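This report concerns only the one structure given below.
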Amino acid sequence: NAGVTQTPKFQVLKTGQSMTLQCAQDMNHNSMYWYRQDPGMGLRLIYYSASEGTTDKGEVPNGYNVSRLNKREFSLRLESAAPSQTSVYFCASSEFFEEGATDTQYFGPGTRLTVL
Amino acid sequence: AQSVTQPDIHITVSEGASLELRCNYSYGATPYLFWYVQSPGQGLQLLLKYFSGDTLVQGIKGFEAEFKRSQSSFNLRKPSVHWSDAAEYFCAVAPYSSASKIIFGSGTRLSIRP
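One line per chain: the protein sequences are A and B, in this order. In terms of the working numbering, the first sequence opens at residue 50 and continues consecutively. In terms of the working numbering, the second sequence opens at residue 5 and continues consecutively.
What follows is the structure, given as structure tokens:
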């Protein structure tokens, strides 16, 4: 049981390049999330997927797209990377998501992305 | 709008000493409250959470936190820290209505003095 896994661990891009960050969970969780972590700012939600087949914007979605490929996998795509997207990206999952309840989120180890 | 404040950016304590990390939140109703720990180069690990009931919550690794509604606080405590507790600690709050609205504090970095 690996929990939440993310690939790659590190990535350096040039401005304008594209890339996809991969996330997978083996806990049979319904909900998955993408966050970015910047110094002094805590974690900010980029996108989330309440269940397979649905995605919604979080606090900072601009410049990103997501795909919930199946129940296990949730990818984050940067179509045209910018230096402002230099950050550490975390994927998380939770058993469920529903209005009126909050479930514990479990986090992956993160991807450190640098955009030059 | 809801917010979370961790007023201490960096704290250093001696090994074996007690620890208290402060967290204050701003929210109209009783929120869900969490403490996460992040070791260097690692993801976040849940230490404990408060949803309802007993206001003193026990977590993993000997940590506990107390919810004080009157002070809008959820401070994390440990009676005796170990060198392995050196990490960054994040307080988080979520409203009753939506997990997607979890807001994280900016974190407190804990260093342990031998």
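Ideal placement from N, C-alpha and C gives every residue a C-beta, glycine not left out. On a predicted model such as this, the values are computed, not experimentally measured, just so you know.
What are the start and end residues of the beta strand (DSSP E) that includes A:F59? Boundaries of the beta strand (DSSP E) around A:F59: 59-62.
Please go through the same chain and pick out, in chain order, the residues whose beta-carbon is closer than 6 angstroms to the beta-carbon of A:G149, but skip the five residues on each side of it. Any reading at A:G149 needs caution, since the residue's pLDDT is 46, under 50, leaving its predicted position unreliable; the model's value is listed next. Correct list: empty, nothing qualifies.
Let me make sure I understand the geometry here. Which of A:G91, A:A141, A:P158, A:L62 has the alpha-carbon closest to that of A:R117? Looking at the Cα atoms, A:A141 is the closest of the given residues.
Can A:L127 and A:W83 be called in contact, C-beta distance under 7 angstroms? Result no, Cβ atoms of A:L127 and A:W83 do not sit closer than 7 angstroms.
Measuring only the C-alpha atoms, how far is A:V164 from A:D87? Spanning the two alpha carbons is a distance of roughly 14 angstroms.
Does B:L25 have its Cβ less than 7 angstroms from a Cβ in chain A? No, because no Cβ of chain A sits closer than 7 angstroms to the Cβ of B:L25.
Does the beta-carbon distance from B:I107 to B:Q6 come in below 7 angstroms? With respect to the 7 angstroms criterion, B:I107 and B:Q6 are classified as neighbours on the basis of their beta carbons.
At least 3 beta-carbon pairs within less than 8 angstroms: the region 9-25 of chain B vs the region 57-76 of chain A: With the rule of 3 Cβ pairs closer than 8 angstroms, the region 9-25 of chain B does not count as touching the region 57-76 of chain A.
When you compare the CB positions of B:A98 and B:Q42, do they come within less than 7 angstroms of one another, or not? Cβ atoms of B:A98 and B:Q42: not closer than 7 angstroms.
Which of the three DSSP states is assigned to B:R117 in this structure? Here B:R117 sits in strand by DSSP.
How many angstroms separate the CA atom of B:T59 from the CA atom of A:S129? Straight-line Cα distance between these residues: approximately 47 angstroms.
Indicate the three-state DSSP secondary structure (helix, strand or coil) for A:G149 in the structure shown. Note that A:G149 scores 46 on pLDDT, short of 50, meaning its location in the model is unreliable and no value can be drawn from it.
Contact with chain A by B:Q46, beta-carbon distance below 7 angstroms: Taking CB atoms only, B:Q46 has a neighbour in chain A less than 7 angstroms away.
Looking only at DSSP bridge pairs, what is B:Y31 linked to? BP columns for B:Y31 are empty, so no partner.
Grouping DSSP H, G and I as helix and E and B as strand, with all else coil, what is A:S143? For A:S143, the three-state secondary structure derived from DSSP is strand.
Counting only Cβ pairs nearer than 8 angstroms, list the residues of chain B close to A:F139. Residues of chain B with a Cβ closer than 8 angstroms to the Cβ of A:F139 are, in chain order, G47, L48.
A:S123 versus B:T34 - alpha carbon distance: Checking the displayed sequence, the identity of residue 123 of chain A turns out to be Phe instead of Ser. Each residue's alpha carbon lies about 31 angstroms from the other.
From which residue to which residue does the beta strand (DSSP E) around B:S22 run? Neither: B:S22 is in no beta strand (DSSP E) and is coded neither H nor E.
Based on Cα-Cα distance, which residue from B:P44, B:P83, B:N28 lies nearest to B:Q62? Per the Cα distances, B:P83.
Which partner residues of B:E70 appear in the DSSP bridge assignment? For B:E70, which the question treats as bridged, DSSP gives the partners B:L60, B:N79.
May I ask you to report which of helix, strand or coil DSSP gives A:D105? Three-state DSSP puts A:D105 in a strand.
Residue span of the beta strand (DSSP E) that contains B:A96, given as start and end: For B:A96, the enclosing beta strand (DSSP E) covers residues 91-98.
As assigned by DSSP and simplified to three states, the class of B:K1: Because chain B spans 5 through 118 in this model, residue 1 of chain B falls outside it and cannot be assessed.
Between B:Y40 and B:F94, how many whole angstroms is the CB-CB distance? I'm expecting something under 8 angstroms. Yes, they are in contact, since the Cβ atoms of B:Y40 and B:F94 sit about 5 angstroms apart, within 8 angstroms.
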